[in-house]
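Positions in the sequence shown are counted from 1; adding 1 to them yields our numbering. Down below is the structure, laid out as structure tokens.
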Amino acid sequence: MACQTSITTHPIHAPEGRPRDRDKIITTLYTAPLARQPPRLRAVREYKVSLLGSEEISHQPGSSELQAERQELSTEAVTMFQFDCGKKEKETCFVTHGAMGHLDPAQPPVKRKPYSSILAVPFVHKAELILPQDLYESIQNDMDSTFSVPTYSRVILPLAELLSGDFFTEYIKKGNVLMLSEGKHGVNDVYSLRDGILTLALEKESYERAGLAGQPDGAKGKRGARARWLVEINLRQPSMLHGKKGFDRIVYAFKNVLNTPVTWLFSNLEGEAPSPDPLAKHYPTIISCPPIITRGPIVSMPNIRPPVSLGGDEGDDFAEFAANLYEWLSLISLESPRVDMNDQIDPFLSRYTSPPSDKPEVENQTLVKVTWKGFISSSWAHKTFVSAVLAGTTKSWFSFSVSGFPDSLPATSRDCTISKIPGSSSEFMLWEVEHN
């Protein structure tokens, strides 16, 4: 039976010690080396604020002077790094534990988890396979023959070109292509095309000038947020033809308002391009995504099977286990030396320890990471995961993850990680991360 829960993890753990000792430790964290690492400042700030909150101070004796000292330290830290306390990126992680069931190579599942979770990522930026070295060497020949190398193109096109001539007929009406434009959501106008549906994420000025029907994007009235609108057009509808009033209005908006050429990532899901190729006259750059093989660290294998508890705290145990295992897999993906069994880091600098093992003797394994990075379709990622499951044995373990484009459209900001659990029941752990 599959169970699902929401997890909130804390990237930094509070150091132990007396209040004033903790202040000294925190002061050490806010040193010059952190100023050279802007992406990590947000995590340090949240940890700092949580320790200086009223709940931490209220139970300390003689807290008036201590509270003033801590408040001054907090103000100096926020001023030094110019923290933006009003904007926080939120991520929601849903965890599922279940069984894959029977896998038919001729008709692989598409509607049940974990297969449906891979297909739910519309545009894949990175696919990653982590597995033991013994398993990699045994299936390496199968990987070279069955794991195809994805390819895509980079081309500069205006929106109006999508609705003109053979491109509209061959690639949109008859074919099946994926397209994603350049730009960052919340800053630029961003476009995407998938399953014949053209999605336009427009700023308020562009939306009002274009005159197209759409919906507000994001929460209304959010302080500090720029108004944005989302327009979705199904170009495969029978009414989407030249000469129809609604279609001509779209063509007019693309030629007179949204007429700036943009760089697109283009992927033809049909495999073979039509002859002659309508894209050839725009001189696309064809890019392939060969696998990058990284022979990883020697790790002490933790327990990768969820605990089975008969008490009332089963949900808490499962949440803690899922968070620890996901953190361990993420550190392997980041090639962090903290997961290496020979790591000798000073505990003052890092207190991280790998999750414990459930075996009397710790099993050490050398891991291999296979990475594909580029503009990849979810169908290719689904096929690759199915091939990995079929190539392995019931006793094998591996992890497969896919990541979207976090800075693009909100629908593309999805990640999922699958951990196959050894055993005849083909159990799995699934983490689905949604960026809000």
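Note that the Cβ used here is the ideal one computed from N, Cα and C, for glycine as well.
Here's a check: name, in chain order, each residue in its chain whose Cβ is nearer than 8 Å to the Cβ of residue i, leaving out the five neighbours to either side.
i	result
Ser380	Leu120, Leu270
Leu158	Pro262, Val263, Trp265, His283
Val111	Ser117, Leu120, His383
Return the chain-ordered list of same chain residues with a C-beta closer than 7 Å to the C-beta of residue i, the five sequence neighbours on each side being excluded.
i	result
Asp196	none
Glu183	Val263, Thr264
Ile287	Thr152, Ser154
With DSSP as the reference, please indicate the residues paired to residue i in a beta bridge.
i	result
Ala121	According to DSSP, Ala121 bridges with nothing at all.
Ser207	In DSSP, Ser207 forms no bridge with anything.
Ser301	Asn365
Tyr353	Beta-bridge pairing links Tyr353 to no other residue.
Ala202	Val191, Leu231
His436	Glu92
Arg296	Val369
Tell me whether residue i sits in a helix, a strand or coil according to DSSP, three-state version.
i	result
His98	strand
Thr152	strand
Ser404	strand
Phe429	strand
Pro133	strand
Thr394	coil
Ile157	strand
Asn260	coil
Asn269	strand
Lys282	helix
Pro338	helix
Lys175	helix
Do you know offhand how far residue i's Cα is from residue j's?
i	j	result
Pro277	Asp167	9 Å
Thr295	Glu162	41 Å
Val403	Leu136	20 Å
Lys256	Leu160	8 Å
Ile173	Val363	55 Å
Gly327	Asp190	Checking the displayed sequence, the identity of residue 327 turns out to be Tyr instead of Gly. Tyr327 and Asp190: Cα-Cα distance of roughly 34 Å.
Val122	Lys245	33 Å
Phe349	Leu332	19 Å
Asp107	Ala389	The amino acid occupying residue 107 in the given sequence is Ala; Asp does not appear at that position. Roughly 15 Å separates the two Cα atoms.
Asp143	Glu336	25 Å
Asp341	Ile299	6 Å
Pro291	Thr97	31 Å
Gln238	Gly215	17 Å
I'd like to know whether the C-beta atoms of residue i and residue j end up nearer to each other than 8 Å.
i	j	result
Ile140	Ala392	yes
Gly405	Phe124	yes
Leu266	Tyr153	yes
Pro133	Thr372	no
Pro356	Trp398	no
Gly102	Ser427	yes
Asn235	Ser301	no
Val232	Leu280	no
Gly424	Thr395	yes
Phe401	Ile377	no
Arg210	Asp218	no
Asn304	Ser351	no
Thr354	Phe148	no
Ser334	Glu92	no
Which same chain residues end up closer than 6 Å to residue i when comparing Cβ atoms and leaving out the 5 residues on each side of it in sequence?
i	result
Arg306	Ile422
Asp22	Bear in mind that a pLDDT of 40 at Asp22, under 50, signals an unreliable position, so the number given afterwards is only what the model happens to contain. Answer for Asp22: no residue qualifies.
Asp416	Ser404, Val434
Met180	Leu194, Trp265, Phe267
Pro115	Ile419, Phe429, Leu431
Would you say residue i reaches chain B, if we count a Cβ-Cβ gap shorter than 8 Å as a contact?
i	result
Arg352	Absence of chain B from the displayed structure is noted, only one protein chain being present.
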